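K.L.:
Residue numbers (the UniProt record's numbering), protein chains in the order written: chain A, 1 to 298; chain B, 1 to 298; chain C, 1 to 298; chain D, 1 to 298; chain E, 1 to 298; chain F, 1 to 298.
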């Protein structure tokens with residue numbers, strides 16, 4: 001006799017059916033950063049989640065940062081970090097190290113995906129001219145080679161997806177003079193999601209999501225229409241680092257991405273749970289006419 | 001906090017990863033018959049299983065019989081069933097009803113698959129000249145329009161698979177004079193699996209599998225190399241209806257199918273469990289050089 | 001010396017040249033019903049005509065009804081036909097028999113086409129989700145599972161034509177709840193012709209065509225512009241069963257079909273003569289700006 | 001009522017069915033020369049025949065000579081024809097005129113095909129490097145720029161057929177030094193038929209066919225297996241100009257062409273009758289294992 | 001040690017880089033006529049230039065006239081040239097000779113291109129229905145079969161380019177009755193360049209270009225915007241044969257060609273120098289918003 | 001008048017014609033290392049040469065090392081280089097830095113190619129599983145993560161070439177356990193050239209080529225058949241670092257590469273001169289049946 005354990009397994013797979021259908025051959029951009037990059041177990045989980053998405057018919061793209069690795073290496077070569085008004089300055093030497101460290105992290109992720117039997121190609125924003133940028137203007141002084149995206153050339157991504165590769169991107173690009181710039185990974189993921197007409201954009205970071213009341217951990221909002229998100233900002237309910245993140249989400253929605261997720265990368269398989277169950281992990285931002293479908297009170 | 005229930009779900013999906021990879025874009029022929037066709041709940045389960053296979057990247061093909069429906073309709077029109085030496089005679093009128101009933105069952109399955117959002121096309125062995133046959137020679141008298149396959153013309157199946165349809169087939173074909181014949185569904189499934197170079201052929205029926213000792217329910221064999229299967233027959237360990245079934249399995253393996261399964265269709269989701277877990281349901285026949293991979297003593 | 005008989009044959013073939021050119025790779029939908037389905041000789045002629053169209057480069061599609069076969073089988077299983085206000089009621093049992101009989105007729109036509117060396121695939125409106133419908137509202141009571149087309153999903157037809165098959169369709173579809181409905185074959189042919197952008201739609205039935213004066217057999221109209229057809233209805237010149245047929249013709253023209261023909265299926269090869277000669281058989285309805293080209297007084 | 005004349009027409013078309021099927025998408029090379037090029041009516045007939053072949057799904061290729069036109073123009077420019085041992089010498093000036101006249105004839109045929117609504121492209125053996133040749137060695141003196149084919153480069157023909165053009169070829173090629181040579185049209189047709197793997201090669205000329213007894217006009221042979229043809233030559237039954245023609249036929253069969261026809265171009269529509277009826281016109285040479293199918297005694 | 005000669009060669013190739021990039025996969029139509037057709041050395045140079053364009057990634061098309069060859073042959077066959085108001089009359093006989101001579105020149109060019117290892121196909125305006133025309137109306141009397149282009153059917157050119165052939169065209173077309181007409185090669189080149197959306201159209205003839213002051217050889221204009229060209233005509237600065245040429249240029253620019261060149265074919269490699277250096281040879285006409293980029297005072 | 005300077009330029013381009021033809025659409029693998037990577041001017045030249053190859057129709061692939069950059073960075077982070085028997089040990093930390101530095105150099109080359117208007121994609125041997133390797137066995141002790149190629153998976157290169165990108169590769173791969181290894185760039189270039197069936201493999205390094213007499217600079221050998229190269233080694237004429245280089249060349253030739261070049265990267269444009277002139281730069285190794293074509297005594 002087949003015992004209940006196996007029947008339960010079958011049920012879980014069957015439950016995934018409608019979600020697999022909904023995203024078949026759709027592009028999902030995953031911004032991967034924060035603590036989920038530091039813990040080896042979490043890292044494996046994230047990569048397995050993305051590989052599963054690929055195997056059941058999605059077209060995932062990973063955009064990643066370098067997190068604390070960059071700071072560690074800046075220290076290792078004995079450089080003194082410089083700051084202007086509290087912002088780290090990316091001078092030419094720092095930029096050089098940042099690019100090297102990001103490339104190293106990139107190849108590590110490539111190898112992890114390959115070890116699971118899926119073909120990955122790791123590229124930067126320079127390859128195929130993917131990310132064109134210009135110097136970011138900041139108040140209070142020059143913070144160096146920090147760029148903002150001016151154009152995305154998605155051909156290389158379209159070609160890699162067509163040829164069945166999983167693209168893994170680190171956000172370094174060049175300006176019109178082909179000088180190298182570091183780009184914020186959230187911004188890059190957002191610009192790429194728009195350019196490839198992604199169905200979904202997921203930010204995997206150390207944030208649990210958006211709260212109605214930031215002091216009440218039980219007030220996490222599962223789903224937000226884009227206009228509600230804008231109101232939260234203008235009404236001052238969200239603050240600090242959440243504002244640029246939320247603005248990126250809003251921007252992506254307005255440029256055509258269907259659903260943007262702020263996910264807590266510290267929860268194992270949060271990406272998978274988000275996509276394959278009716279249990280929202282973190283916060284989803286959706287279009288004004290988008291249907292809310294999480295069962296919040298389960 | 002995400003509760004354990006959800007984390008367990010994620011684990012089940014992750015466990016399916018290697019199985020999804022192994023059969024990506026491979027053809028799986030499912031012979032569907034027996035009790036699994038009579039019970040509405042079991043029927044839904046089977047169809048959901050096949051639809052899931054399709055959605056995660058397999059290329060399933062269903063071959064089905066009509067089971068007890070045919071007998072019911074023969075009775076309904078007031079015909080007297082005829083027998084010769086215990087074998088039912090398929091005269092011209094019976095053949096006509098069989099074809100009609102099979103077509104009705106076929107369209108019912110098509111509608112079920114379509115209702116799950118997957119495109120299905122139901123055909124018989126006549127469409128696109130799929131199944132050519134000749135009158136089956138039986139000892140002890142003429143049993144009428146019962147055919148044996150002489151040629152499979154797989155073009156229609158290749159075309160439907162290329163165009164992303166799930167083909168559902170009922171085994172009625174014609175001979176060189178275009179006379180209509182009924183074909184045993186097991187035989188048809190076997191011939192089709194060979195012609196389309198299927199990776200896997202699964203017989204979903206009312207048989208639990210092959211036993212080492214037919215009187216000992218605990219002696220079910222999970223995996224059999226083809227030479228072991230042949231030995232079982234020659235040594236007289238198996239008998240009755242199992243012999244032709246096992247011979248079909250052996251034949252399919254010899255014609256290039258990688259793995260053939262005898263599954264108990266009365267167990268819910270037996271097909272899914274067979275493919276997505278390391279728990280063998282029923283008996284698998286594999287090539288002499290095939291690797292046994294079930295964990296039998298879990 | 002080659003005798004005149006052969007030279008005459010060559011002339012006939014050469015005369016067909018401009019007609020072959022005009023419809024090269026164009027889709028022609030043939031609604032096949034009525035007496036032409038009962039007489040074996042006529043049936044062979046119709047199938048040969050359609051096969052010839054296919055071989056000389058047209059893309060024909062057959063839509064057929066079941067005619068008197070359905071009534072015969074309803075009787076055979078001992079069911080009492082029910083009527084409401086003179087309309088036959090298609091209850092669940094009748095629907096089941098209708099589907100079975102239509103499928104049987106379908107496979108018979110498939111086998112006839114295949115026997116002439118052309119690849120045919122027989123499908124219903126359920127396959128590939130071809131015909132979506134809803135319950136037809138009739139005055140005076142519920143006549144059961146009689147549907148009207150709400151949507152045609154032509155992908156399966158486009159795919160079969162691309163792969164060089166001749167599609168043969170019986171008009172049974174499902175509604176949004178996947179319940180089975182019978183659809184009038186004329187209506188189905190009309191909706192399909194519109195969806196696949198057919199060049200031509202031909203109704204092969206027991207009607208000779210449209211008469212200027214229904215009591216004068218010599219007043220058959222060879223060609224009618226669509227506005228003339230509308231005027232004939234509004235002026236009350238046509239009546240009875242001709243009105244819905246003519247409305248279907250008008251509808252098809254308005255949705256883009258170039259020419260619609262009402263042909264007498266009782267005349268051997270009426271379809272071929274209609275297409276390959278300048279002798280109109282029956283009545284052609286054409287667009288307001290369509291050129292009349294029959295030589296009526298030959 | 002439809003009169004008999006029309007029904008007879010339909011019958012002729014229906015009779016063509018199996019022949020259309022047999023050659024669907026097959027390449028047919030037609031060597032066109034002799035009287036059939038001089039008479040305007042015959043010319044129109046030949047072109048109509050070839051256009052019909054194209055429209056019903058064959059892939060015809062025309063190879064033509066210039067016939068008496070070349071001699072006429074050689075005279076027109078006041079050149080003295082030179083002869084060596086009875087063979088005309090193609091010196092540089094003659095070659096120049098021959099090429100010009102052949103090109104003129106070629107464009108005339110192109111225009112005739114185009115006027116029937118089919119796309120034709122006229123090329124020489126120089127275009128796309130179709131025909132490479134070397135000087136033909138003859139006994140008794142140098143006869144100038146007369147070439148024999150050393151290589152056929154079929155790419156241009158394959159490309160034109162793929163793009164649905166009817167290629168029309170005049171047999172002028174070049175040698176390894178790119179000097180211009182005239183090539184016998186029969187030889188060129190034969191080499192081309194072999195290179196494109198033609199199903200059929202038809203020589204339209206002023207010869208009725210092969211006779212068992214050249215003095216008995218009733219002894220025309222309808223069909224000859226290739227070994228019978230060889231025996232006819234070795235036994236001395238055929239003579240004169242027939243020998244090289246027959247050798248060409250034998251050569252083509254041996255290189256893979258299925259059937260070669262010697263047709264009397266003076267009979268109207270001989271090509272059509274040959275292909276679409278069971279009445280052989282002229283003589284067909286077929287492979288040793290080819291099936292004879294003419295009804296000779298009709 | 002590598003001597004300076006070789007390093008200089010490398011520099012020339014490197015200098016060509018931006019020009020090769022600019023025209024990669026762009027269509028360039030070259031009208032080839034005048035003295036450059038008479039001198040054997042110049043002819044070889046022109047063909048080598050065009051072949052180089054093809055090999056480095058351009059898609060060149062040659063349109064050529066017959067120049068003095070036609071007059072020579074008209075004389076050769078003893079015909080008296082006829083004139084009306086100073087214009088040569090192209091009667092039926094002259095048309096016949098013109099077509100023959102043009103075909104001969106065409107095949108000569110084809111052979112030259114082939115001898116350089118590039119695949120060429122020579123066609124007339126009749127092939128594939130490329131050039132449809134009508135009788136040109138001239139004042140002062142009927143000048144015979146001189147046509148003006150009414151329609152270009154570019155399919156044959158698109159197909160040949162796709163299949164990697166270099167098309168070589170002589171400008172003979174037919175009217176609606178399929179009568180043969182001679183077309184001015186400049187007009188034909190212009191119409192073809194428009195129809196295939198050429199990037200560039202170059203007239204290689206015996207004209208050095210456009211002068212500001214026709215009596216001052218040093219006043220050659222390197223680049224002219226289309227409005228400047230129109231002003232030159234309306235102000236009467238240019239005259240004689242230059243007006244129709246310039247009008248053709250203006251017409252082409254207005255129909256979408258990016259740059260039109262009037263090049264002196266008597267200068268060796270003028271086409272190559274024009275395209276691969278910043279030294280304008282002759283005069284370039286460009287769109288009002290086109291950038292002038294020649295270095296005129298080098 | 002066009003001055004001589006321009007005519008000379010045209011001549012150089014025309015001279016390149018046969019070389020462009022010979023390598024059209026052929027793959028050329030360029031191993032880039034040594035001094036040519038250090039000098040900015042030389043670096044620009046090399047990149048321009050490769051870009052030109054791409055633009056005129058070749059399919060170049062760059063494989064590069066990191067040269068002195070790696071040692072510089074090892075020092076920068078304060079690591080002590082370790083040696084065993086004079087061989088540098090690549091421990092885990094060194095491997096990490098090597099990968100980072102190679103990635104940095106890679107992206108620099110990508111940006112240089114992109115700045116010239118050509119699309120480049122920089123990858124390592126990990127991407128797409130390009131280079132699988134195992135630990136290199138050396139006598140005298142473990143030198144760490146130095147790998148030798150066991151398998152090349154060329155799919156990613158074929159895909160990038162098909163999509164018109166220029167692939168730039170740094171030779172870091174992984175073993176069966178997905179551990180990272182450094183691979184000698186010469187070895188990697190050689191293995192890749194074999195796997196993609198390159199026409200040509202060029203080693204750009206600080207070696208002038210092979211000498212008949214290593215003490216006589218005038219004895220440089222321009223072309224060597226593979227058997228001659230083997231003899232040079234066995235006869236002891238070459239020594240030191242040249243032996244593994246020459247062995248790589250011989251290996252590549254034996255695996256199907258047509259011509260392998262040892263080029264002095266310190267000579268500007270040596271790659272271009274090698275390919276586009278008849279002046280050999282350095283030494284070419286060719287197959288036993290390969291034709292020597294350099295003009296050595298110019």
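Note that beta-carbon positions come from the ideal geometry of N, C-alpha and C, so glycine has one too.
Quantities reported herein were computed from a predicted structural model and do not represent experimental measurements.
For residue 263/E and residue 189/E, which I take to be in contact (beta-carbon distance under 8 Å), what is that distance rounded to the nearest angstrom?
P.N.:
Sequence index remark: in the fifth chain, residue 263/E carries index 263 (1-based). Sequence index remark: in the fifth chain, residue 189/E carries index 189 (1-based). Contact flag wrong, Cβ pair sits at about 13 Å.
K.L.:
Just the C-alpha distance for residue 254/C and residue 107/C, rounded to the nearest angstrom, thanks.
P.N.:
For this step, residue 254/C is matched to residue 254 along the third chain. For this step, residue 107/C is matched to residue 107 along the third chain. Taking the straight line from one Cα to the other gives about 33 Å.
K.L.:
Would you call residue 3/E buried or exposed, if buried means 16 or more other Cβ atoms sit within 10 Å of its Cβ?
P.N.:
The sequence position of residue 3/E within the fifth chain is 3, counting from 1. That one is exposed.
K.L.:
Between which residues of its own chain and residue 209/F is the CB-CB distance below 6 Å, once the five residues before and five after are set aside?
P.N.:
Residue 209/F sits at position 209 when you count from the first residue of the sixth chain. Taken in chain order, the residues that qualify are 220, 262, 282, 283.
K.L.:
Output needed in chain order: residues of the segment 95–121 of chain C with a Cβ under 9 Å from some Cβ in chain D.
P.N.:
Per Cβ criterion, the list reads 116, 117, 118.
K.L.:
Give me the chain D residues within the contact set of residue 77/E, using Cβ-Cβ distance strictly less than 9 Å, ordered along the chain.
P.N.:
Taking the fifth chain and counting its residues from 1, the one referred to as residue 77/E is at position 77. Near residue 77/E (Cβ distances below 9 Å), the residues of chain D are 73, 76, 77, 78.
K.L.:
Output, in chain order, the set of chain B residues within a Cβ distance shorter than 8 Å of residue 126/C.
P.N.:
Position 126 of the third chain, counted from the start, is the residue given in the question as residue 126/C. In chain order: 107, 110, 111, 114, 122.
K.L.:
What does residue 293/C reach in chain D if we use C-beta pairs closer than 9 Å?
P.N.:
Against the third chain, residue 293/C aligns to sequence position 293. Simply none; closest approach about 16 Å.
K.L.:
Got a sec: which bits of the segment 258–278 of chain C sit with their beta carbon under 8 Å from any beta carbon on chain D, in order along the chain?
P.N.:
Cβ contacts with chain D come from 267, 268, 269, 270, 272, 273, 276, 277.
K.L.:
Three-state secondary structure (DSSP) at residue 3/C?
P.N.:
For this step, residue 3/C is matched to residue 3 along the third chain. In the structure shown, residue 3/C sits in coil (DSSP, three-state: anything other than H, G, I, E or B).
K.L.:
Span of the beta strand (DSSP E) holding residue 205/C?
P.N.:
Against the third chain, residue 205/C aligns to sequence position 205. Residue 205/C -> beta strand (DSSP E) spans 200–205.
K.L.:
Less than 7 Å between the C-beta atoms of residue 156/F and residue 117/F, yes or no?
P.N.:
Residue 156/F sits at position 156 when you count from the first residue of the sixth chain. Residue 117/F sits at position 117 when you count from the first residue of the sixth chain. In this structure, residue 117/F does not lie closer than 7 Å to residue 156/F by Cβ.
K.L.:
With a cut-off of 7 Å, does the C-beta of residue 129/E fall near any C-beta of chain D?
P.N.:
Numbered from its first residue, the fifth chain carries residue 129/E at position 129. It does; some Cβ of chain D falls within 7 Å.
K.L.:
By the 10 Å Cβ neighbour count, where 16 or more other Cβ atoms means buried, how is residue 54/C classified, buried or exposed?
P.N.:
Position 54 of the third chain, counted from the first residue, corresponds to residue 54/C. Counting Cβ neighbours within 10 Å, residue 54/C comes out buried, since at least 16 surround it.
K.L.:
Run through DSSP, which three-state label would residue 283/B get?
P.N.:
Locating residue 283/B in the second chain gives position 283, counting from the first residue. Residue state, collapsed to three classes: strand.
K.L.:
Taking Cβ-Cβ distances shorter than 8 Å, what residues in chain I pair up with residue 9/F?
P.N.:
Note that chain I does not occur in the displayed structure, where the protein chains are A, B, C, D, E and F.
K.L.:
Examine chain E for any beta-carbon lying closer than 7 Å to the beta-carbon of residue 93/D, and answer yes or no.
P.N.:
Taking the fourth chain and counting its residues from 1, the one referred to as residue 93/D is at position 93. No - not a single Cβ of chain E is within 7 Å of the one on residue 93/D.
K.L.:
Do we get a CB-CB distance below 7 Å when we pair residue 287/D with the residues of chain E?
P.N.:
Sequence index remark: in the fourth chain, residue 287/D carries index 287 (1-based). Judged by the 7 Å Cβ criterion, residue 287/D is not in contact with chain E.
K.L.:
List, in chain order, every chain C residue whose beta-carbon is nearer than 7 Å to that of residue 51/D.
P.N.:
Taking the first residue of the fourth chain as position 1, residue 51/D is located at position 51. 17, listed in chain order.
K.L.:
Looking at chain C, is there any beta carbon in it that lies within less than 7 Å of the beta carbon of residue 163/B?
P.N.:
As a working note, residue 163/B is residue 163 in the second chain. Taking Cβ atoms only, chain C reaches closer than 7 Å to residue 163/B, which makes this a yes.
K.L.:
Could you check where the alpha helix (DSSP H) with residue 71/D kicks off and where it finishes?
P.N.:
Locating residue 71/D in the fourth chain gives position 71, where the first residue counts as 1. Segment 68–76, the alpha helix (DSSP H) holding residue 71/D.
K.L.:
Would you list, in chain order, the members of the segment 210–225 of chain D that have their beta-carbon closer than 9 Å to a beta-carbon of chain E?
P.N.:
Taking 9 Å as the Cβ-Cβ cut-off against chain E, none of the residues of the segment 210–225 of chain D qualify.
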